[in-house]
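Chains as they are written, first to last, in my numbering: chain A, 2 to 324; chain B, 2 to 324; chain C, 958 to 1282; chain D, 958 to 1282.
Note that CB positions come from ideal geometry on N, CA and C, so glycine has one too.
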Ligand SMILES: Cc1ncc(C[n+]2csc(CCOP(=O)(O)OP(=O)(O)O)c2C)c(N)n1
Ligand SMILES: Cc1ncc(C[n+]2csc(CCOP(=O)(O)OP(=O)(O)O)c2C)c(N)n1
Ligand SMILES: [Mg+2]
Ligand SMILES: [Mg+2]
């Protein structure tokens, strides 16, 4: 990883953290509603995965703000979406859980746990069919690894040797349920073993995640078939803003926070890339500015017109055809 | 296996074969309709599994006539069900695919591929909860091992260490689709490896199936948790009466028929248990008589009354309650 | 008592009287349920009876069916209606049919409960209503709890009954307050006359009952007529008797429902009225429903996609004008 | 040409004009489809475009959604309606909603097709109809092919259109004969007037259109009135214009459908007639539907569970008597 990239990753992580903190603040202020799932603690994972999987398509879940931004979607359009505004990336119709941007090959934002995985399989089939060799990455949580959609996808992707990276973000919890209470083992990669190569990485270490995803993408691009990569992470906040998170002990949370991916990356910048504290600070300030601008933009952005309610439901032609 | 049991298994296999042949005949004569899935070629598997899994609950699929009979359900009630008669085991409402008899702990006859598997998981939970230690066996085809219901069940049964035997009847085909064309490997037990002990058996060898199922049942009764047993079999007929079965070559079918489980068991009776040809013939004749009686019974049995259309839909009380 | 407390009480009491009652679902145990309906129960009844499941709705219902076959009385919770779609095969092909297909040999004493409807900006994948689909499945009883008293009595009835029952709750009702009348005889199949009236029959259920009641004073004021408001309670079977008497009295019927209009549950009620009560109708029936769109996130759009007290008032008043009421 | 041949021709021609059209489903490739709809296509277009899938309906639709996102035009076949329940999450939460949720950024040019209905003694898990459920989902177009000409034109339209479309066939129509009119302009959204008449409007779709047509001569004879028979064709959106003109002419409406009555698709049509056309109705509308029971195996019971030409005649004649028609 060169210095520029390391900086970029660090910058995106900070941007992600600050974005999430702003989202939290504006949720509490009532500017954002619905379910808001913060990615705080997992920025290293989210950012590094997006940076490493350079080209190709990405499918993910409702916990996707940081990924969306790191994928290149304008933070203003993301924040405006959280605010439900017409300038949002989904014109205020999707909200926090449903950020979509095909121009960035980002089909994120499925709120049915595991539901995006078969979609990613189909997309991988399509891309291979069309001779597009970049591959597809699907991100999902540990909670998704017990549902039929996930299992069917392992089987199908493996049968067809599809260029698909299964990237499991294992933060140990599905809302309040510890994965080990509802699965026979702790690491879910085991479920993929009959079907494909599996790998594990420390999801709190952005550099490691970057390398692992890069390696996996090369494998799938080389026609190796699907790969399963599990990243052990942890989230600092409750599942969503409506979850107080009482099921985790203070100690558990402390251990988790001690691995903070941003601090870790900061150390890397210092020690490996010899950035000064001032240089790092400049990056932070730049990120803060972007977040502040995003909030300002979102605040000022217009509400969707009421006519928006009825657009893009049916085909454009239908109404005429019938009448 | 003692002689009596060997005879019994052989007798049930012949009974099964003759029953299926009679069903086929009466389907062609128009006495039976709908989908009729014959078990010809697989009788060794079906009978031995039922005999071995003595107590406990059995869940299975639409290809279940032979299992039902071997489980102890009166062949007359089964044949009458195929004829759609009021004396049928499901009073003519279920037909060939839906034979149920809780008094024999037989919840067979689900026609949604894989649909019975989560039911069996739940039943195993209930039995364990209630301190009933016989265990549950769920039978399904190779075609069921790609669907979400199956996978979720492996995971759940394993997490809860349930007394459940997953018995896969792998006859290599799901209707016209060879399993190897739609799965990454030939033997489906591999899919269960992350979750439980897996075993394989020659499904054309009744003695081997008997032993394997016995062993598996002991394991699950001993609190070992779920076990997966895969039996390699083959069916002689098309998938159902409406399938001409053109997707299999003559040679493939010949190879398959050369392993005939009945002939094989006959040899065992001769060689190990020293039965004479006459003794074997007597068993055959006895079976033929039972099948003939079943057909006669089914033919003579009354059609259900038209009022039957509306019984057992809602609770008995509802109508009154509302009125 | 709050609606969610009433549900909790119903489950608690059913578990106390019958040891075979078990609850399963995502986060129902340690977490106490995402809407706190099962709070505290795991402490009382243990992990074997409060079963936290992984996120696998097909299995939640599929296992419940098997548990019922194996001698238990499972109460399955699906976290939100939308996820119930993953279990539709088990609900419709299994839960609803085993009794009939087996000629009554199999009974399934089980309940599947879930919250549905438009809450607050949960967007398209978390805001749906499925009474339309599930009430149309022969073999299922479908209850919809519109108030605290019904929530308690009907859920307790459902758990202890031998029938497969779908029990629908509404996302926005969990903190609704109300009384539970423990002395009254209770019939969960009976519609509830929320308010008597003589000129217009308004039929509703779940949260829309509250919205109707919020609209009624203004409607009555503007029209100078009185409305009879009925909470259907049991969506299948339907208490047509109660509807019939009301309709005979008023000569008109309005259905108010939150779900999309096209093919809605309310169409069944209007269709019944037109088919069976045609000559008692003095006016065209009216159906007030949600818009035929997936539910949008933005609050203005969201509110525009469902009936509100204001839009109910407006539509009824304008309808009354057009129909000479 | 047979109905199944018309479907085959539609798929074949769509595959020929657009290389991104792919077909996926169980036994659609080598086997040629369990109702022979895709027969011969694998020889022409190869395994990459005729994709035999394992038995995993959720993935069949879920993969099709992803294929459409990735640049293909998938045509997914579900072997029988009942199994589509396993894919309801993908159909309803994904296929129907991605366009709206993404504010139009994602388009899903895809078709999900399946046969439904009561065939011949296939019993409760193989005899169902889901137009009631699927027509109620905003974002999905639902076509129901009642004849050979429509089967060809509407399927070809569906495959080449950019909308997510559910295409419903009927188990008993595959061997139905008919002409395909290749010259006519074709509008898949338009209802088809199967027979003109002036006294009674009978609305139907899929196989029931044939049963209605079989009943009509006797009905007309007994009543001395003439019936207008309409095949809806597009179940969502509905061609209300055609219904409206007919109803204005006849003053009465009968819906005939195979599905269970409770909450049926036809309730939507009757409800519309009562709400929107009340003052044009001279008689109570009539809905003739299947019984509210899972479909039994026994042939007599099975026939008793659905409308037949005889029962249609009987019900319409007795209704006409009661309503002074
Ligand atoms: C099919 C389905 N079931 C249940 C839910 C409710 N739900 C939303 S997120 C969630 C937990 C998911 O956990 P995990 O996959 O580990 O992701 P994380 O939130 O930890 O990132 C649940 C149960 C849902 N959205 N979809
Ligand atoms: C969910 C579902 N999908 C499709 C079908 C149609 N179908 C019936 S049997 C069958 C093949 C099953 O094959 P397998 O499980 O190997 O059992 P076998 O018939 O070979 O014994 C299929 C696809 C079904 N009944 N259920
Ligand atoms: Mg998690
Ligand atoms: Mg098979």
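Any residues in the region 183 to 198 of chain B with a beta carbon nearer than 9 Å to a beta carbon of chain D? Which ones, in chain order? 183, 184
Nearer than 6 Å: is that true of the beta carbon of residue 143 (chain A) relative to any heavy atom of ligand 1? yes
For residue 1057 (chain C), go through chain B and note every residue whose CB falls closer than 8 Å to its CB, in chain order. 94, 313, 314
Just to make sure I have the definition right: I need the residues of chain D whose C-beta is within less than 7 Å of the C-beta of residue 98 (chain B). Which are they? 1080
Using a Cβ-Cβ distance cut-off of 7 Å, determine whether residue 1217 (chain C) contacts chain D. yes
Could you tell me whether any Cβ in chain D is nearer than 7 Å to the Cβ of residue 1090 (chain C)? yes
Please classify residue 29 (chain A): is it buried, with 16 or more other beta-carbons within 10 angstroms of its beta-carbon, or exposed? exposed
Over the uninterrupted beta strand (DSSP E) stretch that includes residue 1007 (chain C), give me the two end residues. 1007 to 1009
Cβ separation of residue 987 (chain C) and residue 248 (chain A), assumed to be a contact under 8 Å, to the nearest whole Å: 6 Å
If we cut at 7 Å on Cβ distances, does residue 304 (chain A) have a partner in chain D? no
Beta carbon of residue 64 (chain A): closer than 6 Å to some heavy atom of ligand 1? yes
Quick one: list the residues of chain D neighbouring residue 108 (chain A), beta-carbon separation under 9 Å, in chain order. 1023, 1026, 1055, 1059, 1063
With distances taken Cα to Cα, identify the nearest neighbour of residue 113 (chain B) among D:1124, D:1066, D:1128, D:1035. D:1035
For the region 135 to 166 of chain B, which segments carrying the beta strand (DSSP E) assignment without a break, of at least 3 residues, lie completely within its bounds, in sequence order? 137 to 142
Count the C-beta pairs between the region 142 to 149 of chain A and the region 84 to 103 of chain A that are closer than 8 Å, then say yes if the count reaches three, no if not. no
For residue 62 (chain A), report the span of its beta strand (DSSP E) as first-last. 58 to 62
Following a CB-centred definition, is residue 172 (chain B) positioned closer than 6 Å to any heavy atom of ligand 4? yes
Just confirm the distance between the C-beta atoms of residue 266 (chain A) and residue 10 (chain A), as a whole number of angstroms; I'd bet it's less than 8 Å. 7 Å
One question on the structure: do residue 1069 (chain D) and residue 1115 (chain D) come within less than 7 Å of each other, judged by their Cβ atoms? no
Going by the DSSP bridge assignment, what does residue 232 (chain B) pair with across the sheet? B:170, B:202
Are residue 22 (chain B) and residue 1258 (chain D) close, meaning C-beta to C-beta below 7 Å? no
Hey, does residue 172 (chain B) have any beta-carbon neighbour from chain C nearer than 7 Å? no
Residue range of the beta strand (DSSP E) that includes residue 1158 (chain D): 1157 to 1161
Are residue 1083 (chain C) and residue 1037 (chain C) close, meaning C-beta to C-beta below 7 Å? yes
Where residue 1168 (chain D) sits in the DSSP three-state scheme: helix
What is the C-beta distance between residue 355 (chain A) and residue 202 (chain A), in whole angstroms, given that I count them as a contact (C-beta under 8 Å)? With chain A covering 2 to 324 only, the question about residue 355 (chain A) has no answer from this structure.
C-alpha gap between residue 1017 (chain C) and residue 212 (chain A), whole angstroms: 38 Å
Beta-carbon proximity check, residue 1180 (chain C) vs residue 1277 (chain C), cutoff 7 Å: yes
Ignore the nearest five residues each way along the sequence and tell me which others in residue 1092 (chain C)'s own chain have a CB closer than 7 Å to its CB. 1099, 1192, 1193, 1222
Which whole-angstrom value is the C-beta distance of residue 1020 (chain D) and residue 115 (chain A), which I expect to be below 8 Å? Not quite, the Cβ-Cβ distance comes to about 14 Å (not below 8 Å), so this is no contact.
Which chain D residues are close to residue 91 (chain A), counting only those with a beta carbon under 7 Å from its beta carbon? 1058, 1059, 1060
Cβ atoms of residue 291 (chain B) and residue 80 (chain B): under 7 Å apart, would you say? no
Which residue wins for smallest C-alpha separation from residue 215 (chain B), given the options B:180, B:238, B:55, B:17? B:55
7 Å Cβ cutoff, residue 1020 (chain C) in contact with chain F: In the structure shown, chain F does not exist; the protein chains are A, B, C and D.
On the DSSP bridge list, what partners appear for residue 1032 (chain D)? D:980, D:1068
Assuming residue 1187 (chain C) contacts residue 1151 (chain C) (C-beta within less than 8 Å), just tell me the rounded distance between them. 7 Å
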